[in-house]
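Asks: Dropping the structure in here first, questions after.
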Amino acid sequence: MADITVRNLRFRFDEELDFDVPDETLGMMLPTLGLSMTMPYLEPYLIRTMKVAIPKIASPQLVEDTKRFSQQEGHHFRNHATFNNRIRSAFEPDTEAALRGIEADLEADYQRFTKEKPLRWNLAYAEGFEAMTCASALAMAEQGAFDGDMPGGEIWPWHMAEEIEHRTVAFDVFDHLVGSYFYRIWFGTRAQIHYLSYIKRFAQCMARGLGREIPRGGSELTRSAGRRYLRTFSPWYDPAKIELPQGVEQLLERYSQMAGPGPGAAEGSA
Ligand SMILES: [Fe+2]
Ligand SMILES: [Fe+2]
Numbered sequence: 000m001a002d003i004t005v006r007n008l009r010f011r012f013d014e015e016l017d018f019d020v021p022d023e024t025l026g027m028m029l030p031t032l033g034l035s036m037t038m039p040y041l042e043p044y045l046i047r048t049m050k051v052a053i054p055k056i057a058s059p060q061l062v063e064d065t066k067r068f069s070q071q072e073g074h075h076f077r078n079h080a081t082f083n084n085r086i087r088s089a090f091e092p093d094t095e096a097a098l099r100g101i102e103a104d105l106e107a108d109y110q111r112f113t114k115e116k117p118l119r120w121n122l123a124y125a126e127g128f129e130a131m132t133c134a135s136a137l138a139m140a141e142q143g144a145f146d147g148d149m150p151g152g153e154i155w156p157w158h159m160a161e162e163i164e165h166r167t168v169a170f171d172v173f174d175h176l177v178g179s180y181f182y183r184i185w186f187g188t189r190a191q192i193h194y195l196s197y198i199k200r201f202a203q204c205m206a207r208g209l210g211r212e213i214p215r216g217g218s219e220l221t222r223s224a225g226r227r228y229l230r231t232f233s234p235w236y237d238p239a240k241i242e243l244p245q246g247v248e249q250l251l252e253r254y255s256q257m258a259g260p261g262p263g264a265a266e267g268s269a
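In numbering that gives the first Met the number 0, the protein residues as written are 0 to 269.
Encoded structure:
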């Protein structure tokens, strides 16, 4: 059983984005903003997948976890949609239009996957995405990157902490309804390649709009995320067994306090 709290938070994004940063910072910033741009399409696709899966799940506890997973993802993508308006508006109209074009391509892909792909394929996509995101979120927590000042502010520690919190759900649903290690690895990896190709498109589009280039080379954060990501390929990988880095529980508690006891109880800000 996962312990998942649905926090109804809405953040504000009043600050202008500042791209006047060193190349190394830009190299982290643009893919991160690209990640935000995917969320209003990726997360509804995950929710649609789980909606199809839920009636087939025999365990009432896993059904409950899956519903909470979807509710968390729902709050995530709504906040990202607001933030993305801020991101697009930081660029000239031609770049803004190009970003919208990439968004349309991504939405068309995900709608097609929902309509045409079998449930096990969509579940492998969900777990491939969740395993990769959880690896990055854990690396961020471990490296203290949650304390950074990435544009968007609190949306990142909140979202990443909740990704860690619901890390077992897509894995457990896949395991329960499909259960094939090789299918998880083969189609999960294809899913990650598909997803990352869009991060790259968004980041390169923004870089072109700024007249800058994204520098090559990794940071300690990307190396740590890479090490954690490689562990997801193990046949014994089980997100329930991951030891959480210090500070994750406190962050989740902080956002629980911010959200208050019921829906719409409080608004966060960033
Ligand atoms: Fe999410
Ligand atoms: Fe997630």
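Even glycine gets a Cβ: it sits at the ideal position worked out from N, Cα and C.
#1: Alpha carbon to alpha carbon, what distance is there between PRO156 and ALA130?
#2: Specify which residues have a beta carbon nearer than 5 Å to any heavy atom of ligand 1, listing them in chain order.
#3: Just to confirm, are ALA123 and TYR182 a CB contact at a threshold of 8 Å?
#4: Determine the direct distance from the alpha carbon of LEU32 to that of THR24, and round the result to whole angstroms.
#5: In this structure, does DSSP put ASP93 in helix, strand or coil?
#6: Any heavy atom of ligand 2 closer than 7 Å to the CB of THR37?
#7: Since I believe ALA239 is in contact with THR167 (beta carbons under 8 Å), could you give me their beta-carbon distance rounded to a whole number of angstroms?
#8: Flag this pair as yes or no: are the beta carbons of ILE86 and HIS175 separated by less than 8 Å?
#9: Cα separation between SER196 and MET36?
#10: Excluding five sequence neighbours on each side, which residues of the same chain lie with their C-beta closer than 8 Å to the C-beta of ARG99?
#11: Are the beta-carbon atoms belonging to TYR154 and ALA136 less than 8 Å from one another?
#12: State the Cα-Cα distance for the pair GLU102 and PRO117, rounded to the nearest angstrom.
#13: Are there three or more Cβ pairs, one per stretch, closer than 8 Å when the region 58-75 is compared with the region 3-12?
#14: So, for GLU106: in the same chain, excluding its five sequence neighbours on each side, which residues have a beta-carbon less than 6 Å away from its beta-carbon?
#15: Apart from the five residues on each side of it in sequence, which residues of its chain come closer than 6 Å, Cβ to Cβ, to VAL51?
#16: Hey, would you say the C-beta of GLU162 is under 7 Å away from at least one heavy atom of ligand 2?
#17: Could you give the residue range of the alpha helix (DSSP H) that holds THR231?
#18: Only counting the same chain, and skipping five residues up and downstream in sequence, which positions put a Cβ closer than 7 Å to that of PHE12?
#19: From which residue to which residue does the alpha helix (DSSP H) around ASN84 run?
#20: In the DSSP assignment, the alpha helix (DSSP H) including GLY216 goes from what residue to what residue?
Replies: Put simply:
#1: 17 Å
#2: GLU72 and HIS75
#3: yes
#4: 12 Å
#5: helix
#6: no
#7: 5 Å
#8: no
#9: 13 Å
#10: ARG87
#11: What sits at residue 154 in the sequence shown is Ile, not Tyr. Going by C-beta atoms, ILE154 is not nearer than 8 Å to ALA136.
#12: 24 Å
#13: yes
#14: TYR40
#15: LEU118
#16: yes
#17: Counting along the chain, THR231 falls outside any alpha helix (DSSP H), and DSSP gives it neither H nor E.
#18: THR81, PHE82, ARG85, GLY151 and ALA269
#19: 59-88
#20: Where GLY216 is concerned, there is no enclosing alpha helix (DSSP H), given that its DSSP letter is neither H nor E.
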